[in-house]
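A.B. asks: Mapped onto our numbering, the consecutive letters of the sequence shown carry residue numbers 7 to 837. For glycine and all other residues, C-beta sits at the position ideal for the given N, C-alpha and C. Please find one structure pasted underneath; my questions will follow.
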Amino acid sequence: MIIKNSNFYSWERNLLEKIARVIVDIISQNVDRPFDYLVPSDLASRVQVGSQVLVSFRHRLQLGYVVGFTAKPAVKNLNLIIDVLDEDVVFDEKMLSLCRWIGRRYISSLSETLKLTFPPGKNRHLKQEIILQTEDDVGLRNLAQEEAGLVEVLREMGGKADVNSIRKLYPKGLPNLIGNLERKNIITKKYLISNPRINMKTEECVTLNTSAEEAVSLMDCLRTRAPKQKRILSLLVKEKVMPVNELLFSANSSRQSLKSLVDKNVVTLSKKPTFREPDFFYPEKIPLSIKLTDEQCDVLAQIKNSINKEGFVVQLLQGVTSSGKTEVYLQAIAEILSRDKTAIVLVPEIALTPQMVHRFRSRFGNTVAALHSGLGLGERFDQWKRIKHGDFKVVVGARSALFAPLKNLGLIIIDEEYEVTYKQNCNPRYHAREVAKKRAQLSNALLLLGSATPSIESKHEAERGAYELLRLTKRVGDRKFPQIEIVDMRARDKVAKWGIFSDVLLREIETCIDLNKKIILFLNRRGYAGFVLCKDCGHVLKCKRCDVSLVYHADDKTMRCHHCGYIIHPPDTCPKCKGYKMGRFGIGTQRVESEVKKFFPDIPLIRMDADTTQKKDSHRKKLIAFKNLECGILLGTQMIAKGLDFPDVALVGVINADTALHLPDFRASERTFQLLMQLSGRAGRGKVPGKVIIQTYCPDSYAISAVKKYTYDEFYKEEIEIRKELDYPPFSELVNIIFSGKEEKCVMKEAHLFNKRLDEIKDKEWLKDCLGPAPSPLSKIKCKYRWHTILKTKDSAMAASFLKEHLSDLISKKSPRDVNITIDIDPIWTL
């Protein structure tokens, strides 16, 4: 769509007494408020809350979103809404209220948060193009040097250019430069609105135009001289409407025969919308009804009691692995559906979605939708459209499924509620658990948080009575908990012979293979070797853009940065001392795969990590492949650690339990414990008893010793005391303020300036302590140096409000020294 820079304000259009409140699509705290626009009469029926519109803002075109209407405008002279860009209303009043809350809670503009509600692929962008109007050198002689330079750039680009493409050449003063040349009639401006990346899919269909009796009569006439036309009509008499390709195939007829019927006005061709259906197949038989255990019955009774209250309630379901939490979810949803309400189920990993969706669709049929990035863009768009249309009552998906446009929401379930994937790592930096609380509150719905290893914060909320605590302490079917053995890798005699495998783990793998059982091997690091080091001088090869080691990948013999994607081929000599003794150290999943194949060359092995699951549907296909094996090994990173249910897995082997234990983050022990407990729960879920072998260099860590005892409560008791002593969550709430830029001195200076401004402001009763500023543990990422300040607060919501009110001039835009400031409320990571 192209709009020329002409008359935006066509006052000749008839006006109604209707004034819309519009949020312009500009990410800035300075304009993060509604602006009033007149609605022309020809657009009155199309402009609604949730409409995406085109408006003029500060003498240029902008996209905007209608958030309400008013009878009392803030100013007298109003501009018109120019156009409505899409007939889809993307958010309603409740979703708008949710987005406003997210904006306040996480210091993000409303235009940013509203985009969370958009259907996949439908977000549109406005581009400004400048066009050279004259080639007359006489008219160009009196131009300033920068003006002449821009004209020369336009000539080299063929006489026109997208403003964004030349912004790097003129980082400062480009709008003024364009304005000067426009006033001198040297250039003109044009606006281009991008088309949606995806639209409704259509297919050509054939419709019978006549009555069935007339068609049968015509068939008698066509019986001998046009048998193909007769076969087409015979099918249409039964079906009335059929897709062209399906009709011609079924009738064994040609396009020419169909054309003849069209020419006779017997049938009509038309385009009809069709939906792209995701492949939900998963080879698992799910019983339609399951007899609940006594514990499950008690838990379900408490859930139904909360549903009966028809108000906002949060319940924490703490159930050991294989205790039947999923069946409780299913029965709770059945109760919700019986009341004509809807439900959302969030899972932390895309890898979990195929199994979960299959189980829910087995119970509830085609009323279950899926929303996650593992689907194609068109599939996600169609699922969103059908959810909004009311075709689905249950939505299963990752974090973004929380914004599914379901009506009459009665239940939100967050499985494995502690998972870090529920926190978004770009603006708006929301946590799905907290947003789910707010959405449930706005809908008077039940929020059910489930896990065998709840977050310390959630468990503390349950202990103090803010959440209702539900417990499942036994595995279903009286299955025993897996036998867990900790292997101390410091005893070198245990590993010298076998490299990365202890003799204990290798022996257990051999036993499982002899018994024709399945094995899961876990290592939370992809690649082949963690780093490459010169044995002569000790130099480690690092990413030139980030302050991290490059990881060696054996499949394509490259070294990669897992933060920015930088790739090089391994050098033959050390870049520092020119020595030849370059060694590879550390292990990744590729190395484990190679070692397993040396020991067990005939055993099928499936590797699941970020390198092997990039293609669409790869998670589902790999899980199906593993399920169909009689005996085999599934090797992977954290995506295989939780939620997967394979009854014939007899052994789980953890190659190195310490990868996250020593990270400079106060949650390191908690994450290690949760990961190992979830992994342990993958073993012995069927009739065969399970065994878990955990290799570690820190067997005395309380996080690892608690796993051996298979007890969450013991770990919680230890961890909560440490948190209390150090005043970390849940006893305080954190705000991580990150400063980043290309010049380290500028970043450091901005960080100190921020702290100085903060110290100068009084009335900070919400602030308990200020840590920093200091270099971040990851001190350089993607060519940008990073410093941070951590605020310990009594209430992070109060902190967000305070920072937005008093320091918005610093956090809403780049500083004069080109330093970005990011505010992360309730951070999951402080790296």
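(1) Please classify Cys543: is it buried, with 16 or more other beta-carbons within 10 angstroms of its beta-carbon, or exposed?
(2) Evaluate contact between the segment 511 to 519 and the segment 554 to 566, counting only Cβ atoms and requiring at least three cross-stretch pairs below 8 Å.
(3) Can you list, in chain order, the residues of its chain with a C-beta nearer than 7 Å to that of Gly70? Leave out the 5 residues immediately preceding and following it.
(4) Distance check for Thr795 and Ile350, CA to CA, integer angstroms please.
(5) Could you please give the first and the last residue of the uninterrupted beta strand (DSSP E) stretch that includes Trp793?
(6) If you run the structure through DSSP and keep just helix, strand and coil, what is Ile827?
(7) Is there at least one Cβ from chain D nearer than 8 Å to Asp168's Cβ?
(8) Here's the rule: buried if 16 or more other CB atoms are within 10 angstroms of the residue's CB, otherwise exposed. What is Ile238?
(9) Looking at the structure shown, is Thr595 part of a helix, part of a strand, or coil, going by DSSP?
(10) Alpha carbon to alpha carbon, how far is Ala376 from Arg386?
(11) Mapping the DSSP letters down to three states, classify Val753 as helix, strand or coil.
(12) Pull the bridge partners of Val351 from the DSSP assignment, please.
(13) Can you find the residues in the same chain that come closer than 7 Å, C-beta to C-beta, to Ile829, ignoring five residues on each side of it along the sequence?
(14) State the start and end residues of the unbroken alpha helix (DSSP H) segment that holds Cys105.
(15) Under three-state DSSP, which class holds Thr332?
(16) Per DSSP, what kind of secondary structure is Arg345 in: helix, strand or coil?
(17) If distances are taken between C-alpha atoms only, which option among Ile630, Asp94, Leu116, Glu93 comes closest to Leu104?
(18) Nearest to Leu417 by CA position, among Ala410, Ala446, His437, Tyr424, is which residue?
(19) DSSP three-state call for Gly127: helix, strand or coil?
(20) Let's test the definition: count the other Cβ atoms within 10 Å of the Cβ of Val825 and tell me whether it reaches 16, buried, or not, exposed.
(21) Is the segment 178 to 194 touching the segment 129 to 141, taking contact as three or more C-beta pairs under 8 Å?
(22) Count the other C-beta atoms from every protein chain shown that fall within 10 angstroms of the C-beta of Asn530, then say buried if there are 16 or more, exposed otherwise.
(23) Looking only at DSSP bridge pairs, what is Ser464 linked to?
(24) Do Val658 and Ile526 come within 8 Å of each other at the CB atom, strictly closer than that value?
(25) Within the same chain, show all residues whose beta-carbon is closer than 7 Å to that of Pro833, passing over the 5 residues directly before and after it, in chain order.
(26) What separation, rounded to the nearest whole angstrom, lies between the Cα atoms of Met804 and Lys774?
(27) For Glu333, count the other beta carbons within 10 Å of its own beta carbon; 16 or more makes it buried, fewer makes it exposed. Which is it?
(28) Provide the residue span of the beta strand (DSSP E) that contains Lys277, from first to last.
(29) Enumerated in chain order, which unbroken segments of the beta strand (DSSP E) with a length of 3 residues or greater are wholly contained in the segment 646 to 714?
(30) Could you please give the first and the last residue of the uninterrupted alpha helix (DSSP H) stretch that includes His364?
(31) Suppose contacts are defined by Cβ-Cβ distances below 8 Å. Is Thr643 in contact with Thr595 by that definition?
(32) Could you tell me the alpha carbon to alpha carbon distance between Thr123 and Phe97, rounded to whole angstroms?
(33) Could you have a look at Cys776 and say whether DSSP puts it in helix, strand or coil?
(34) What are the start and end residues of the alpha helix (DSSP H) that includes Pro181?
(35) Apply the 10 Å Cβ neighbour rule to Asp769 and answer buried if 16 or more other Cβ atoms are within range, or exposed otherwise.
C.D. replies: The structure says:
(1) Classification for Cys543: exposed.
(2) no
(3) The residues are Val28, Ile29, Val30, Asp31, Val59, Val61.
(4) 36 Å
(5) 790 to 799
(6) DSSP places Ile827 in the strand class (E or B) of the three-state scheme.
(7) No chain D is present in this structure, which holds just one protein chain.
(8) buried
(9) helix
(10) Distance between Ala376 and Arg386, taken at the CA atoms: about 8 Å.
(11) helix
(12) Val402, Ile419
(13) Ile113, Val741, Ile743, Leu809, Ile817
(14) 99 to 111
(15) DSSP, reduced to helix, strand and coil, places Thr332 within a helical segment of the structure shown.
(16) coil
(17) Leu116
(18) Ala446
(19) coil
(20) buried
(21) Enough Cβ pairs lie closer than 8 Å, so yes.
(22) buried
(23) Under the DSSP definition of a beta bridge, Ser464 lacks any partner.
(24) yes
(25) Leu740, Asn742
(26) 12 Å
(27) buried
(28) 273 to 280
(29) 655 to 660, 697 to 702
(30) 359 to 370
(31) yes
(32) 6 Å
(33) strand
(34) 180 to 189
(35) exposed
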